[in-house]
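Chain order of the listed sequences is A and B.
Going by our numbering, 744 is the number at position 282 of the first sequence; the sequence numbering is gapless.
Going by our numbering, 236 is the number at position 93 of the second sequence; the sequence numbering is gapless.
Shown next, in structure tokens, is the structure this report addresses.
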Amino acid sequence: MAVKTPIYLDNAATTRCDPRVVEAMLPYFSEKFGNAGSRNHRFGWDAEDGIETAREQAARLIGADAKEVIFTSGATEGNNLAVKGAAEIYAKAPAGQQGRGHIITCTIEHKAVLDPCKRLQREGFDVTFLDPPADGVITAEMVRAAMRPDTILVSIMWANNEIGTINEIPQIGRLCHEKGVIFHTDGTQWVGKMPTDVERDCIDLLSWSGHKMYGPKGVGALYVRRRKPRVRLEALIDGGGQERGMRSGTQNVTGIIGFGKACELCQAEMEHDRERLLKLRRRLEDGLSGRMEVVQVNGHRDRRLPHIANLSFGFVEGESLMMGIKDIACSSGSACTSASLEPSYVLKGLGVGDELAHSSLRLSFGRWTTEEEIDYAIESISKAVEHLRKLSPLYDLYKEGVDLSTIEWQHH
Amino acid sequence: MAYSEKVVDHYQNPRNVGSFGASSDVKTRTDIGVGIVGAPECGDVMQLQLKVTADGVIEDAKFKCFGCGSAIASSSLATEWVKGRTVDEALQIKNTQIVEELALPPVKIHCSVLAEDSIRAAIEDWKKKNGIAVAEEAHAH
Chain A
463 MAVKTPIYLD NAATTRCDPR VVEAMLPYFS EKFGNAGSRN HRFGWDAEDG IETAREQAAR
523 LIGADAKEVI FTSGATEGNN LAVKGAAEIY AKAPAGQQGR GHIITCTIEH KAVLDPCKRL
583 QREGFDVTFL DPPADGVITA EMVRAAMRPD TILVSIMWAN NEIGTINEIP QIGRLCHEKG
643 VIFHTDGTQW VGKMPTDVER DCIDLLSWSG HKMYGPKGVG ALYVRRRKPR VRLEALIDGG
703 GQERGMRSGT QNVTGIIGFG KACELCQAEM EHDRERLLKL RRRLEDGLSG RMEVVQVNGH
763 RDRRLPHIAN LSFGFVEGES LMMGIKDIAC SSGSACTSAS LEPSYVLKGL GVGDELAHSS
823 LRLSFGRWTT EEEIDYAIES ISKAVEHLRK LSPLYDLYKE GVDLSTIEWQ HH
Chain B
144 MAYSEKVVDH YQNPRNVGSF GASSDVKTRT DIGVGIVGAP ECGDVMQLQL KVTADGVIED
204 AKFKCFGCGS AIASSSLATE WVKGRTVDEA LQIKNTQIVE ELALPPVKIH CSVLAEDSIR
264 AAIEDWKKKN GIAVAEEAHA H
């Protein structure tokens, strides 16, 4: 079967919106267009009913009660609200003072957690940024070792967005509950793809996003535990008091409807999708490793999400590699592909080495990725790597048996 | 980011790829100057080898490059430009000319700088091997 190009293998960046989601949203643009805050007429009631259905769909996906779901504009907002909102409420000292409490996170979190933590650091909180081991997995033991009597909040992502590694979330959750510390996890890459139960997994705050799970962009949710313990948050946006006062502003009704539908579909199709995605990932990783030498799969061998593959191709730079596979949409950890001109801080954080970080590709799959597309990707990536290795002075040195780390390079 | 047609062309059909033999042999040959600039952890390494006649004419050039498309294109272009020139003429090649020829965007200017540096480094190496004094200008960067 001929493969239609370009091929989309960047589902960790965003997913196509499921047509069933779009269909569910449509009536809320033009017929049921009311403001859910209008309590006295049909238009408002329809919008509110739609939102409450979506809230139940979202809650069911994570084993929560509908009352515990706050709709947001996405995971960046959810992470900001969780981290800053909890820190403000549970602070040990008022604003303007030092010693306001201790927060634990890790260096390979998404910027939407790291940057709020850095802001809190400037505002008098102590923050421990855990360094991941080479396999990328943050363990409960690492968190336990960093705990202090004044620890108020732990924020560790469920799974990493660049390498797909899965952290020890239920264990970290149990540890936090045991110590009476609020636990937030960024579930952006996890929720909807993997079974989630906030009760079993001892989670107090969980943020996730619609557009990573076949829903629309600009909408997400934050789970806020209501009992054992009842978690409180300082709002970031004040106003009309929507979303239990934690997130004022007229609700994004169409987005929320789509988000709810996407949650429902993910729950119904999770087992099927998950197995299929894992097969695709293995096919790609085995295919590429089998075709070439010096291909490294980044992150823990097994504890990884089924839909993200991150590979480094030795002696080849990532941006030039992407240039050679123009009809495959994917990402690279290479500096040249980032606005900052710095190689991926996640791969660097793993100690992968800057050189292999520059040589990395992230390929991520979704509901519509096919085996044919994976085979096409294996073929074209192999060809591009072969082309670039012919040009690579590093590959020559490797072939001559020279250890690259012994060479004194002229740094710029 | 969109690449210029010329960058894409050099990427797909790089000119003068290769070397004049194993690195250990090339090191001792007085008719060859080798310039290796950049570092793997910075994401670009350029290797330029120039075959120079006794009276200082570059008769052949070979390159290898680990780097982005613009780095590959810059070094490929450099080999085209230096061939047939004297070493003093080749030293006149400026990175800005490479930027102009390949229509490199501002974030890729360092690729052209690296190419200019590789020319200087290769000529310097050839001069040293042949006991010719190296001008101070070669250390300008």
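Beta carbons: idealized from backbone N, C-alpha and C, even for Gly.
Keep in mind it's a predicted model, so treat the numbers as computed, not measured.
Per DSSP, cross-strand counterpart(s) of residue i
i: Gly682 (chain A); result: A:Thr534, A:Ser671
i: Gly178 (chain B); result: B:Leu191
i: Tyr470 (chain A); result: A:Ala791
i: Asn541 (chain A); result: For Asn541 (chain A), which the question treats as bridged, DSSP gives no partner whatsoever.
i: Thr647 (chain A); result: A:Leu668
i: Thr222 (chain B); result: Looking at the DSSP assignment, Thr222 (chain B) forms no beta bridge with any residue, so it has no partner.
i: Cys568 (chain A); result: A:Leu592
i: Met656 (chain A); result: A:Val653
i: Ser826 (chain A); result: A:Asp472, A:Ile770
i: Ser844 (chain A); result: Ser844 (chain A) is not bridged to any residue.
i: Thr627 (chain A); result: A:Arg766
i: Ala621 (chain A); result: A:Ile628
i: Thr229 (chain B); result: B:Val200
Residues near residue i in its chain [Cβ-Cβ closer than 6 Å; skip 5 each side]
i: Arg643 (chain A); result: Arg is not the amino acid found at residue 643 (chain A); the sequence shown has Val there. Thr613, Val616.
i: Glu639 (chain A); result: As written in the sequence, residue 639 (chain A) is His, which differs from the Glu given in the question. The answer, listed in chain order, is Cys664.
i: Ala197 (chain B); result: none
i: Asn541 (chain A); result: Ala574, Val575, Asp648, Ser669
i: Gly635 (chain A); result: Phe645, Asp663, Cys664, Ile665
i: Ile836 (chain A); result: Leu742, Arg745, Leu746
i: His282 (chain B); result: Residue placement at His282 (chain B) cannot be trusted, given a pLDDT of 49 that sits under 50; what the coordinates show is reported in the next sentence. No residues qualify anywhere along the chain.
i: Arg610 (chain A); result: His564
Residues that residue i contacts on chain B, provided the C-beta gap is smaller than 7 Å
i: Glu862 (chain A); result: Ala165, Ser166
i: Pro805 (chain A); result: Gly186
i: Ala797 (chain A); result: Gly186
i: Glu848 (chain A); result: None at all; the shortest Cβ gap to chain B is about 13 Å.
i: Glu550 (chain A); result: What Glu550 (chain A) touches in chain B: nothing, since even the nearest Cβ is about 39 Å away.
i: Glu817 (chain A); result: Pro183, Glu184
i: Met754 (chain A); result: The contacting residues do not exist; Met754 (chain A) stays about 16 Å from chain B at best.
Sequence-distant residues of its chain with Cβ nearer than 8 Å to residue i (five each side left out)
i: Ala791 (chain A); result: Pro468, Ile469, Tyr470, Leu471, Asp472
i: His762 (chain A); result: Asp597, Gly598, Val599, Thr627, Ile628
i: Ile252 (chain B); result: Asn238, Val242
First through last residue of the alpha helix (DSSP H) which encompasses residue i
i: Val605 (chain A); result: 602-608
i: Val759 (chain A); result: That residue, Val759 (chain A), is in no alpha helix (DSSP H); its beta strand (DSSP E) goes 757-759.
i: Phe777 (chain A); result: From DSSP, Phe777 (chain A) is part of no alpha helix (DSSP H); its letter is neither H nor E.
i: Gly867 (chain A); result: Position check: residue 867 (chain A) holds Ser in this sequence, whereas Gly was assumed. That residue, Ser867 (chain A), is in no alpha helix (DSSP H); it is neither H nor E in DSSP.
i: Val150 (chain B); result: 148-155
i: Leu582 (chain A); result: 573-584
i: Thr171 (chain B); result: 166-171
i: Ile267 (chain B); result: In the sequence as presented, Ile is not what sits at residue 267 (chain B); that position holds Glu. Run containing Glu267 (chain B): 252-272, per the alpha helix (DSSP H) assignment.
i: Gly512 (chain A); result: 504-524
i: Gln240 (chain B); result: 238-245
i: Arg562 (chain A); result: Note, Arg562 (chain A): premise wrong, no alpha helix (DSSP H); not H, not E.
Neighbouring residues, chain A, relative to residue i (Cβ below 9 Å)
i: Lys207 (chain B); result: Lys852, Leu853, Ser854, Pro855, Leu856, Tyr857, Asp858
i: Ser162 (chain B); result: Pro855, Asp858
i: Gly176 (chain B); result: The premise fails here: Gly176 (chain B) is roughly 15 Å from chain A at the closest Cβ pair, so nothing lies under 9 Å.
Other residues of its chain near residue i: CB distance less than 7 Å, five sequence neighbours each side excluded
i: Ser147 (chain B); result: Leu245, Ala246
i: Val715 (chain A); result: Tyr490, Ala498, Ala509, Gly512, Ile513
i: Arg706 (chain A); result: Ile532
i: Val150 (chain B); result: Gly212, Ser213, Ala216, Leu245
i: Leu637 (chain A); result: Ala602, Val605, Arg606
i: His284 (chain B); result: In this prediction, His284 (chain B) has a pLDDT of 48, which is less than 50 and means its spatial position is unreliable; nothing more can be read from the coordinates.
Cβ-heavy atom distance, residue i to the ligand SAH, below 6 Å
i: Ile625 (chain A); result: No copy of the ligand SAH appears in this structure; indeed no ligand is present at all.
Residue span of the beta strand (DSSP E) that contains residue i, given as start and end
i: Ala724 (chain A); result: Not the beta strand (DSSP E): Ala724 (chain A) falls in the alpha helix (DSSP H), residues 715-753.
i: Phe206 (chain B); result: 201-209
i: Thr613 (chain A); result: 613-617
Beta-carbon neighbours of residue i, restricted to chain A and to distances below 7 Å
i: Gln190 (chain B); result: Pro855
i: Pro249 (chain B); result: None at all; the shortest Cβ gap to chain A is about 11 Å.
i: Ile201 (chain B); result: Per Cβ cutoff of 7 Å: no residues; Ile201 (chain B) is ~19 Å from chain A at best.
i: Gly227 (chain B); result: Those do not exist, as Gly227 (chain B) stays about 23 Å from chain A at its closest Cβ, beyond 7 Å.
i: Gly210 (chain B); result: Glu779, Ser782
i: Ile252 (chain B); result: Within chain A, no residue comes near Ile252 (chain B); the closest Cβ sits about 12 Å away, beyond 7 Å.
i: Ile262 (chain B); result: Per Cβ cutoff of 7 Å: no residues; Ile262 (chain B) is ~14 Å from chain A at best.
Partners in chain B for residue i, counting only beta-carbon separations shorter than 9 Å
i: Trp871 (chain A); result: Ile179, Val180, Gly181, Ala182, Pro183, Glu184, Cys185, Val188
i: Leu866 (chain A); result: Pro183
Contact list for residue i against chain E, beta-carbon separation under 9 Å
i: Leu767 (chain A); result: The structure shown contains no chain E; its protein chains are A and B.
### Query
Is the segment 207-221 of chain B close to the segment 778-786 of chain A, with three or more CB pairs under 8 Å?
In short, these stretches touch, since the Cβ pair count reaches three.
### Task
Decide if the segment 550-564 of chain A is in contact with the segment 514-530 of chain A; the criterion is three or more beta carbon pairs, one per stretch, under 8 Å apart.
no
### the segment 847-863 of chain A in contact with the segment 730-749 of chain A per 3-pair CB rule at 8 Å
no
### Query
Below 8 Å, can you find three or more Cβ-Cβ pairs linking the segment 647-662 of chain A to the segment 726-742 of chain A?
Touching, yes, given that three or more Cβ pairs across the two stretches are closer than 8 Å.
### Query
When the Cβ atoms of the segment 217-233 of chain B are set against those of the segment 247-262 of chain B, are three or more pairs found closer than 8 Å?
yes
### Message
Measuring CB atoms only, is the segment 807-816 of chain A touching the segment 167-180 of chain B, in the sense that at least three cross pairs come out at less than 8 Å?
### Response
no
### Message
Using 8 Å as the cut-off, can you tell me whether the segment 560-570 of chain A makes contact with the segment 582-592 of chain A, which would need three or more C-beta pairs spanning the two stretches below that distance?
### Response
yes
### Query
Are the segment 758-773 of chain A and the segment 683-690 of chain A touching by the rule of at least three beta carbon pairs closer than 8 Å?
no
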